[in-house]
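**Student:** Below is one structure. I have some questions about it.
Number of protein chains: 2
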Amino acid sequence: MIQVSQALSIISENSCKMPIKKIKVHKSLGFILAETIYSPIDMPPFRQSSMDGYAFSFSELNQFDIVGVSQAGNFSNEQIKKNQAIRIFTGAYVPDCLDTVVMQEHTQRNEQTITIIKKPNALTNVRSKGEQIKKEELVLEKDTLITPAAIGFLACLGITEINVYKKPKVAIVVTGNELVKAGKKLGKGKIFESNSVMLKVALQGVGINKIKTFSVKDNLKNTKKTLQNCLSKFDVVLVSGGISVGDYDFVKEALLYNGVEELFYTINQKPGKPLFFGKKDKTIVFALPGNPASALSCFYIYVHLALKKTMGFDSVHLNKIKRKIKTPFQNTTGKSLFLKGFYNDESVTVLESQSSAMLNTFATANGLIYMPYNTELVAENEEVTVIPIN
Amino acid sequence: MIQVSQALSIISENSCKMPIKKIKVHKSLGFILAETIYSPIDMPPFRQSSMDGYAFSFSELNQFDIVGVSQAGNFSNEQIKKNQAIRIFTGAYVPDCLDTVVMQEHTQRNEQTITIIKKPNALTNVRSKGEQIKKEELVLEKDTLITPAAIGFLACLGITEINVYKKPKVAIVVTGNELVKAGKKLGKGKIFESNSVMLKVALQGVGINKIKTFSVKDNLKNTKKTLQNCLSKFDVVLVSGGISVGDYDFVKEALLYNGVEELFYTINQKPGKPLFFGKKDKTIVFALPGNPASALSCFYIYVHLALKKTMGFDSVHLNKIKRKIKTPFQNTTGKSLFLKGFYNDESVTVLESQSSAMLNTFATANGLIYMPYNTELVAENEEVTVIPIN
């Protein structure tokens with residue numbers, strides 16, 4: 001049995017980045033960039049007006065004849081005399097012979113002439129070519145998280161494809177003779193299967209969509225066969241149930257039989273003590289406790305970390321926050337606890353009813369409060385670590 | 001021109017909840033529940049062992065003959081005598097005549113008999129029927145955000161469908177003769193269109209997937225026609241560009257022509273001053289500034305709020321955090337500022353280069369720092385409001 005911090009280190013070390021793939025920019029939200037990107041163009045690609053107004057060549061003159069119009073998207077580069085100006089709009093091309101734009105609000109127009117009332121400095125309101133970024137300059141560094149802003153930036157440079165780290169394909173393996181699919185009749189001694197549905201949406205919440213669910217009865221042969229198949233075809237295997245020490249818990253045996261290396265089994269924590277983590281080749285395996293609330297706690301604390309690591313996230317992206325606890329708390333168990341809590345911007349409250357079998361409290365919690373095994377008493381307003389869970 | 005806080009209030013008041021629809025539980029992640037849910041069953045549906053061990057009828061006896069097995073998913077309710085026990089596993093049915101389970105670690109087994117070494121109290125390790133939740137008891141209140149835990153909870157009660165507030169269908173209307181689709185040749189005076197791609201992924205980031213993009217040239221007739229179509233078919237219309245006061249900015253005129261009520265136009269802020277917000281029937285309309293960084297700022301500050309409101313979120317779900325600012329900041333503009341920043345768990349740093357035309361900084365920011373128009377100086381370590389942006 002190991003401590004929480006050891007478990008997290010082992011997971012972190014053993015969850016390797018996925019291979020790289022090329023992806024369309026408009027589909028890259030939430031991926032991690034696997035290359036450094038340099039600009040293929042100057043942006044803006046031409047000298048551009050940053051205002052609606054009049055473009056002219058700066059001199060002592062304050063009165064101009066209007067001889068043309070430059071609207072965004074049009075292009076004209078005619079010669080314009082010193083005493084001439086053109087009507088110009090935001091984003092429009094500034095002809096080479098002009099250097100300054102006066103805002104329309106600072107002019108007085110009289111048919112085809114304008115008088116400047118408030119004169120700008122020379123070169124004002126003209127964005128130079130490449131002012132935002134020059135060709136070959138750095139756009140985004142390798143390992144950047146792709147956000148809407150990053151996608152907008154890439155798109156405005158005309159970049160349509162980038163290399164990112166793949167997201168893992170995940171198998172969910174649900175074990176248990178007692179499980180009945182929701183919508184079916186609930187026979188005596190049976191319960192509705194909920195872990196596969198819950199884990200699937202939790203995975204979707206992390207941005208993972210290649211997920212397949214398998215059900216096996218509590219039977220060693222079937223468990224071995226299903227796991228063998230999953231280990232060869234998926235990057236991450238999540239097994240739900242069948243991992244405690246009861247006679248009918250075949251999962252650990254079936255994993256070892258299939259050549260999975262045990263990296264840890266059981267953590268000094270509550271809930272979620274019987275958690276198995278292992279690896280075969282590059283596939284990582286979690287065998288989660290069967291009861292829903294324990295399984296979900298382990299998902300947020302451990303599986304989440306592993307998934308993010310495989311997707312190329314580094315620690316800076318991992319979600320841990322500090323909050324002042326509203327309710328003093330005593331931990332006399334000698335185990336690390338993860339308590340369902342509700343946090344706001346300042347503090348966190350321990351919710352009532354922490355039983356590991358129950359999702360009731362979990363469904364209204366927004367964080368798990370971490371109480372290390374060696375912390376006996378946490379006083380009111382002391383800072384604690386919270387793992388956000390939605 | 002109005003202030004930021006007024007704009008937020010107007011948006012909040014005018015963004016109405018979408019109609020209700022029935023949805024499969026496994027597809028309901030991120031929706032807001034539009035009904036209160038009561039449990040259709042007792043959970044657990046039967047008296048259940050919470051341990052691997054032996055079930056017996058509590059008495060002065062400490063030695064028992066093992067006469068059967070109850071495994072999770074099986075059901076047997078035979079009569080068992082006082083000096084008899086059965087092998088039982090976690091989650092398994094406890095026959096009516098038995099009341100206590102002893103952990104296997106606290107027994108000594110000798111072929112078909114066991115001796116209890118450490119005797120539990122009566123009724124220990126047996127979960128009573130309905131211990132987690134009883135039939136007809138409250139499962140989830142109306143207006144709860146559907147999280148993985150909520151989905152797990154509903155699924156374990158056999159609930160397969162729930163009523164939620166719909167998510168809005170969103171039209172993105174991009175205006176501008178200067179815009180060229182990425183991947184095409186960039187003619188003189190043209191730039192790559194990026195706002196539609198960026199707004200689309202930003203919407204996806206909020207969980208909205210019914211999005212359609214329209215492009216119109218700077219032409220009043222086409223703009224009117226496209227907007228008319230969008231106003232009749234979508235719940236939210238986002239127009240990008242064409243909203244400043246230049247001669248070629250037709251959007252406002254086209255909106256008013258189509259019967260959109262102007263709720264505000266222009267905010268005393270930077271970036272994003274020329275922001276239009278209006279409404280026709282239940283469709284809300286934002287006309288965003290054309291430049292990408294301003295458009296995205298307005299999205300996170302204003303559109304995000306409106307979308308969440310339509311999806312049934314209330315203020316408790318809205319994302320605003322407080323951080324200590326690392327860099328003192330002076331605001332002499334008289335305008336409210338939204339500065340691109342990078343925050344960690346404790347503090348926030350104002351990033352360099354805040355120009356509204358540039359997405360460079362935005363792409364590496366994770367928050368917008370709000371500097372109200374009437375705050376002239378913010379000292380180092382003073383608390384500021386940050387809007388997280390990814």
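The listed protein sequences derive, respectively, from chains H and F.
Heads up: the first sequence at position 149 corresponds to 149 in UniProt numbering, and the numbers run straight through without jumps.
Heads up: the second sequence at position 89 corresponds to 89 in UniProt numbering, and the numbers run straight through without jumps.
We treat Cβ as the ideally placed atom computed from N, Cα and C, and that holds for glycine.
Note that the coordinates shown come from a computational prediction; the quantities given were computed from them, not determined experimentally.
#1: So who's on the other strand from Pro388 (chain H), going by DSSP bridges?
#2: I need the DSSP call for Val251 (chain H), collapsed to helix, strand or coil.
#3: Give me the DSSP bridge partner(s) of Val239 (chain F).
#4: In its own chain, which residues sit with a C-beta less than 6 angstroms from the C-beta of Ala287 (chain F), not counting the 5 before and 5 after it?
#5: In the DSSP assignment, the beta strand (DSSP E) including Gly205 (chain H) goes from what residue to what residue?
#6: Are the stretch 291-298 of chain H and the stretch 125-138 of chain H touching, with three or more C-beta to C-beta distances below 8 angstroms?
#7: Does Phe214 (chain H) have its Cβ less than 9 angstroms from a Cβ in chain A?
#8: What is the DSSP secondary structure of Gly152 (chain H), reduced to helix, strand or coil?
#9: Nearest by alpha-carbon distance to Ile133 (chain F): which of H:Ser9, H:Ala85, H:Ser353, H:Val4 is it?
#10: Is the separation between the beta-carbon of Ser57 (chain F) and that of Asp99 (chain F) shorter than 9 angstroms?
#11: Where do the ends of the alpha helix (DSSP H) carrying Thr223 (chain H) lie?
#12: Comparing alpha-carbon positions, which option in F:Gly183, F:Pro148, F:Gly187 lies nearest Gly205 (chain H)?
#13: Compute the distance between the beta-carbons of Leu179 (chain H) and Gly158 (chain F), then report whether it is under 9 angstroms.
#14: Go through its chain and collect everything with a Cβ distance to Gly312 (chain F)'s Cβ below 6 angstroms, but skip five positions before and after it.
#15: Between which residues of its own chain and Thr115 (chain F) is the CB-CB distance below 7 angstroms, once the five residues before and five after are set aside?
#16: The stretch 236-268 of chain F: which residues have C-beta closer than 9 angstroms to a C-beta of chain H, in chain order?
#17: Might you give, ordered along the chain, the residues of its own chain that have their beta carbon closer than 7 angstroms to the beta carbon of Pro388 (chain F), omitting 5 neighbours on each side?
#18: Answer yes or no: does any C-beta atom of chain H fall closer than 9 angstroms to that of Ala92 (chain F)?
#19: So, for Ala150 (chain F): in the same chain, excluding its five sequence neighbours on each side, which residues have a beta-carbon less than 7 angstroms away from its beta-carbon?
#20: Do the CB positions of Asn14 (chain F) and Leu263 (chain F) come within less than 9 angstroms of each other?
#21: Any idea which residues DSSP pairs Gln330 (chain F) with across the strands?
#22: Is any beta-carbon of chain H found at less than 9 angstroms from that of Cys298 (chain F)?
#23: Could you tell me which chain H residues have their CB closer than 8 angstroms to the CB of Lys322 (chain F), listed as they occur along the chain?
#24: Are any of the Cβ atoms in chain H nearer than 9 angstroms to that of Ser294 (chain F)?
#25: Name, please, each residue of chain F whose Cβ falls closer than 7 angstroms to the Cβ of Glu178 (chain H).
#26: Going by CA-CA distance only, name the one from F:Ser5, F:Arg87, F:Asp96, F:Phe153 that's closest to Met358 (chain H).
#27: Val316 (chain H): buried (16+ other C-beta within 10 angstroms of its C-beta) or exposed?
#28: Rounded to a whole number of angstroms, what is the C-alpha to C-alpha distance between Val350 (chain H) and Thr332 (chain F)?
#29: The beta strand (DSSP E) with Glu13 (chain F) in it runs from where to where?
#30: Mind listing, in chain order, the continuous alpha helix (DSSP H) runs of no fewer than 4 residues lying wholly within the stretch 51-113 of chain F?
#31: Tell me whether Ile23 (chain F) sits in a helix, a strand or coil according to DSSP, three-state version.
#32: Smallest Cα separation from Lys142 (chain H): which of H:Glu35, H:Ala306, H:Met198, H:Lys82?
#33: Using DSSP with H/G/I as helix, E/B as strand and the rest coil, what is residue 391 (chain F)?
#34: Should Met51 (chain H) be labelled buried (16 or more other beta-carbon atoms within 10 Å of its own) or exposed?
#35: Would you please verify whether the beta carbon of Pro372 (chain H) is less than 9 angstroms from any beta carbon of chain F?
**Tutor:** The short version:
#1: H:Gly367
#2: helix
#3: F:Val173, F:Ala287
#4: Val239, Ile243, Val251, Phe276
#5: Note, Gly205 (chain H): premise wrong, no beta strand (DSSP E); alpha helix (DSSP H) at 195-205.
#6: no
#7: Note that chain A does not occur in the displayed structure, where the protein chains are H and F.
#8: helix
#9: H:Ser353
#10: yes
#11: 220-233
#12: F:Pro148
#13: no
#14: Lys17, Ile32, Tyr165
#15: Asn62, Gln63, Thr107, Gln108
#16: Gly241, Ser244, Val245, Gly246, Asp247, Tyr248, Asp249
#17: Asn319, Ile321, Asn366, Gly367
#18: yes
#19: Leu140, Thr144
#20: yes
#21: F:Leu377
#22: no
#23: Asp345, Glu346
#24: no
#25: Ala72, Gly73, Gly91
#26: F:Phe153
#27: Confidence is the limiting factor: at Val316 (chain H) the pLDDT is only 49, short of 50, which leaves the residue's position unreliable and the question unanswerable from this model.
#28: 44 angstroms
#29: Where Glu13 (chain F) is concerned, there is no enclosing beta strand (DSSP E), although the alpha helix (DSSP H) it sits in stretches over 4-14.
#30: none
#31: strand
#32: H:Glu35
#33: Outside the modelled stretch of chain F, which goes from 1 to 390, sits residue 391 (chain F), for which no answer is possible.
#34: buried
#35: no
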